[in-house]
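Protein sequences, first through last, are from chains A and B.
All the letters of the first sequence, read from the start, carry residue numbers 931 to 1355 under the working numbering.
All the letters of the second sequence, read from the start, carry residue numbers 931 to 1355 under the working numbering.
Glycine included, each C-beta is placed from N, C-alpha and C at the ideal position.
Structure first, then comments.
Protein chains: 2
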Amino acid sequence: MTSSSIKEEIEKANTQAVERLMESEPHWVGMDLAGKVITGLKDRMLLHAGPPITWERASGPLRGALIGAVIYEGWASTPEEAEKLLAKGEVVFEPTHPHNVVGPMAGVISPSMPVFIFEDPKYGNKAYSNMNEGLGKVLRYGAYGEEVIKRLKWMDKVLYPVLKATIDEYKKDQGKGLNFKNLIAQALHMGDECHNRYVATNALLLKEIAPYMFNTGIDRKDVLEAYRFIANNIIFPLNMGMASAKVMTLAAHNIKYSTIVTVMTRNGTDMGIWVSGLGNEWFTAPSPIPKGVLFPGFKEEDANPDIGDSSITETAGFGGFAMAAAPAIVSYVGGTAEYAVENTKRMYQITYTRHKYFTIPYLSFQGTPTGVDIRKVVATGITPTINTGISHKEPGIGQVGAGIVTFPMEPFKNALRKFAEKYGI
Amino acid sequence: MTSSSIKEEIEKANTQAVERLMESEPHWVGMDLAGKVITGLKDRMLLHAGPPITWERASGPLRGALIGAVIYEGWASTPEEAEKLLAKGEVVFEPTHPHNVVGPMAGVISPSMPVFIFEDPKYGNKAYSNMNEGLGKVLRYGAYGEEVIKRLKWMDKVLYPVLKATIDEYKKDQGKGLNFKNLIAQALHMGDECHNRYVATNALLLKEIAPYMFNTGIDRKDVLEAYRFIANNIIFPLNMGMASAKVMTLAAHNIKYSTIVTVMTRNGTDMGIWVSGLGNEWFTAPSPIPKGVLFPGFKEEDANPDIGDSSITETAGFGGFAMAAAPAIVSYVGGTAEYAVENTKRMYQITYTRHKYFTIPYLSFQGTPTGVDIRKVVATGITPTINTGISHKEPGIGQVGAGIVTFPMEPFKNALRKFAEKYGI
């Protein structure tokens, strides 16, 4: 092919990729146990966020979360026992993304954990995520103490059946699942960027589901407990937003000639990306340490390198890329409202289009920067900047803050090199 | 007194007035029928928004709403009969504000209408408002057809008992009413300005009350109908925000030497203000015609001069004064996001302080412009600019759009003149 016809192929492929990404319609359609619905998640196996990693190279918070999940599953009764099983490979762990799963921070999901099922009736993709535990001492930030396991068990026993019955009631009445893309689009007009700020989404979600939740026939005490847990955990919809983003990016994945990034994720040691036209091949580099606001009592040296699948939100055109829609977020992740606007503006330089449905009132209702193009990243020298939570680097401690992180250039360069090789440019 | 000591007295009085305005804690504490709880609202009497007005000078939408209320009460069965009663003074009408009542647009409240009761435990004030009917063909925009009366009757029969039982349940559980100031403060970080945009407040309100609403023991069909009515009417919390603002401004009213405006309101013919240090004396001028976005099928000449008590929100430091917090509102009232920010900035020039609790993320979390000072209005030549709905000028038609209106200077000048006279300056 001539270089101009290859360029045409790329434009065609990218136009199709972002079109599918934007037209995808993620719906929350059900709840089930991870081991029952996630393809390839076997017994004595765990999933984790980010690119593949060995026990030896795994960071503190990832180790902590893996240990916690082993205890939660009852495969071991002490952290020491759990560690042994993991180190010896008697419990294995694999990255989430190849299983169409996303999890915030450590992103550890075990077979007995309940998960959200998201489905896109348009392009037929499915994705899964776990239920959000709240902030502070929680499994996904690497904590595994008694209170962590106790909360997870309560989520299994109370929250899960209530949510399962709620979405079943909803579907019975509405004839289909809950369209989460609509909630995101509305929330972007209500000060959420839908990565670290989900205040509006939380209220909109409860507004949608409350009539069904209080009609499940489940004991009112349990329903109220579940309702209050969600109401008080303003980040609760994060995992649902992530599953939505995964469904969207799946629609854009595996398109021949496309240079659009379909996965950006971190495991606390490495960060890695996938590119649509390059399939499931990982391009990785060391994960940077986020800058931001630390909780009282913690220092900069406590922070672990960036971790989590939550950057799937930016990959889908919201989250940090939509910061201009969420000036109030700077009180959580640091910076100023001006910075929030500048970051969104900078991301337009490395994305392929402006989102059709996700718009930013402050920028004259302009669409969010959507579809990171590895060619633009390499050409401009600008890499994606995202919002993120900050985990303590030691296992067992948990969240120490929240902030902003800019990805390294290397994976984008390597992906572009591989792209040139594969497509003979 | 010397002029410098008078100036000191004014500063002291104004500081106290805005302090009380900002520290006031409006709570929704109950529901009842207007005739039972509003002092001075007698049989065969109606209340209306704005300064006092005669039938002869009343505008179309106000006439329409008064006619509708007479039919609703059953005092007449046709518009012609109703009109006769009103013209002959057999049904009387008085302005809302002296009764501690506020109503959007025509603001017509009759004895059988259910009202929200708002109370401030801190300064002991109470205020009332009716329930919001939604947009379009509704009484408050001067429509009085069958569908209007039917909706009002449904609100009496279904919505009112559900809301009454809900707030009673809430109080039983929480030990006090629902703090509406908290909702406003949160909503200002979620893209509402809390005059014409109440999208976030609506979701936050339902999030708060849903668990109680679905526990009233009232038939589920009725509760669901009430819930859906509120959920689908995103402006529903307006009347509650107005009652909150009335409670706040009451705390700032009747302070000797204070030049702070405590009422700004319009009846569709005149607009009028009260000033804290001048008690309940009206200073009025012809009401201007709002500029904005008209619904399809309507022309500029259809618009009535500005009408309604809803500018109590700006009087209390939010609404149009907080437009910089609500860029998405420009799709409803017209203008651009830049204009929204500029308007808030301009209002700082005529207000006494920045609100302690109502802040604007986009302006580095600066407090909203609070407490219109008639001295500053006269000195700068800048009058308050507010958001507003636009009513058709003929009775019986309803809402034709929404927009922005800037008040005339005359009432502020006359009030300052009276102030100088009264306090011997």
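Relative to the C-alpha of Phe-1046 of chain A, which residue among A:Gly-1107, A:Phe-1248, A:Val-1068 and A:Lys-1083 is closest? Closest by alpha carbon: A:Gly-1107.
Measuring alpha carbon to alpha carbon, tell me which residue in B:Trp-1212, B:Gln-946 and B:Leu-996 is nearest Glu-1053 of chain B. As written in the sequence, residue 1053 of chain B is Tyr, which differs from the Glu given in the question. Checking every option, the nearest Cα to that of Tyr-1053 of chain B belongs to B:Gln-946.
Span of the alpha helix (DSSP H) around Glu-1230 of chain A: Counting along the chain, Glu-1230 of chain A falls outside any alpha helix (DSSP H), and DSSP gives it neither H nor E.
Output yes if chain B places a C-beta closer than 8 Å to the C-beta of Lys-1137 of chain A; else output no. yes
Gly-1222 of chain A - partner residues in DSSP beta bridges: Under DSSP, Gly-1222 of chain A forms a beta bridge with A:Gly-1333.
Proximal chain B residues relative to Tyr-1157 of chain A, where beta-carbon distance stays under 8 Å: Within chain B, Ala-1140 and Pro-1141 have C-beta atoms less than 8 Å from the C-beta of Tyr-1157 of chain A, given in sequence order.
Report all residues from its chain with a CB closer than 7 Å to the CB of Phe-1288 of chain A; omit the five preceding and five following residues, and keep chain order. Counting only residues of its own chain and dropping the five nearest sequence neighbours on each side, Phe-1288 of chain A has a CB closer than 7 Å to the CB of Ile-1114, Ala-1115, Leu-1118, Gly-1247, Phe-1248, Ala-1252, Gly-1297 and Thr-1298.
Counting pairs of beta carbons, one from the segment 1025-1041 of chain B and one from the segment 992-1008 of chain B, are three or more of them closer than 8 Å? yes
Using 8 Å for Cβ pairs, my map puts Lys-1137 of chain A next to Ala-1161 of chain B. What's the rounded Cβ distance? 6 Å
Heavy atom of the ligand NAD less than 7 Å from the Cβ of Val-1032 of chain B, yes or no? As for the ligand NAD, it is missing from this structure, which has no ligand bound.
Could you work out which residues of chain B lie near Ala-1036 of chain A, taking near to mean beta carbons separated by less than 8 Å? Simply none; closest approach about 29 Å.
Mind the definition here: the segment 995-1009 of chain B touches the segment 966-984 of chain B only if three or more C-beta pairs lie below 8 Å; say whether that holds. With contact defined as three or more Cβ pairs closer than 8 Å, the segment 995-1009 of chain B and the segment 966-984 of chain B are in contact.
Around the Cβ of Glu-1231 of chain B, are there at least 16 other Cβ atoms within 10 angstroms (buried) or fewer (exposed)? exposed
Please report how far the alpha carbon of Asn-1184 of chain A lies from the alpha carbon of Trp-1204 of chain A, in whole angstroms. 10 Å
Output the boundary residues of the alpha helix (DSSP H) element that contains Trp-1084 of chain A. Its alpha helix (DSSP H) spans residues 1076-1084.
What are the residues in the segment 1112-1139 of chain A lying within 7 Å of chain B by C-beta distance? His-1119, Met-1120, Gly-1121, Val-1129, Ala-1130, Ala-1133, Leu-1134, Leu-1136 and Lys-1137
Ala-988 of chain B to Glu-1099 of chain B span [Cα, whole Å]: 41 Å
Given Ser-1042 of chain A, which residues of its chain have a CB within under 8 Å of its CB, disregarding the five upstream and five downstream residues? Leu-963, Ala-964, Gly-965, Tyr-1002, Glu-1003 and Asp-1086
If you measure beta-carbon to beta-carbon, which residues of the segment 1006-1024 of chain B are closer than 7 Å to chain A? none
Suppose you measure from the CA of Gly-1064 of chain B to the CA of His-1027 of chain A; what does that come to, to the nearest Å? 46 Å
Three-state secondary structure (DSSP) at Gly-1238 of chain A? strand
Continuous alpha helix (DSSP H) assignments of at least 4 residues falling wholly in the segment 1237-1320 of chain B: 1242-1245, 1260-1263, 1267-1277 and 1304-1310
CB contact flag (Asn-1234 of chain A, Gly-1198 of chain A, <8 Å): In this structure, the beta-carbon distance from Asn-1234 of chain A to Gly-1198 of chain A falls below 8 Å.
Contact set for Met-1339 of chain B: own chain, Cβ-Cβ below 6 Å, skip 5 residues either direction: Thr-1313
For Asp-1200 of chain A, which beta-bridge partners are listed by DSSP? A:Pro-1216
Beta-carbon contacts of Thr-1189 of chain A that lie in its chain and below 7 Å, excluding the five residues immediately before and after: Ile-940, Asn-944, Val-1205, Gly-1207, Asp-1303, Ile-1304, Arg-1305 and Phe-1349
Using 8 Å as the limit for Cβ to Cβ distance, is Pro-1257 of chain B near chain A? yes
Could you check which residue in B:Ala-999, B:Gly-1311, B:Ala-1073 and B:Ala-1012 has the C-alpha nearest to that of Lys-1323 of chain B? B:Ala-1073
How long is the line joining the alpha carbons of Cys-1124 of chain A and Ala-1017 of chain B, rounded to whole angstroms? 56 Å
For Phe-1166 of chain A, which of helix, strand or coil comes out of DSSP? coil
Terminal residues of the continuous alpha helix (DSSP H) containing Met-1143 of chain A? Residues 1129-1143.
Which residues DSSP lists as bridging Asp-962 of chain A, in chain order: Beta-bridge partners assigned by DSSP to Asp-962 of chain A: A:Val-1045.
Within this structure, are the beta carbons of Met-961 of chain B and Pro-1051 of chain B separated by less than 8 Å? no
Measure the CB-CB distance between Ser-954 of chain A and Val-1271 of chain A and report whether it falls below 8 Å. Against a cut-off of 8 Å, the Cβ pair of Val-1271 of chain A and Ser-954 of chain A comes out as no contact.
Put Lys-1056 of chain A into one of helix, strand or coil per three-state DSSP. strand
Where do the N-terminal and C-terminal ends of the alpha helix (DSSP H) with Val-1000 of chain A fall, by residue? 990-1003
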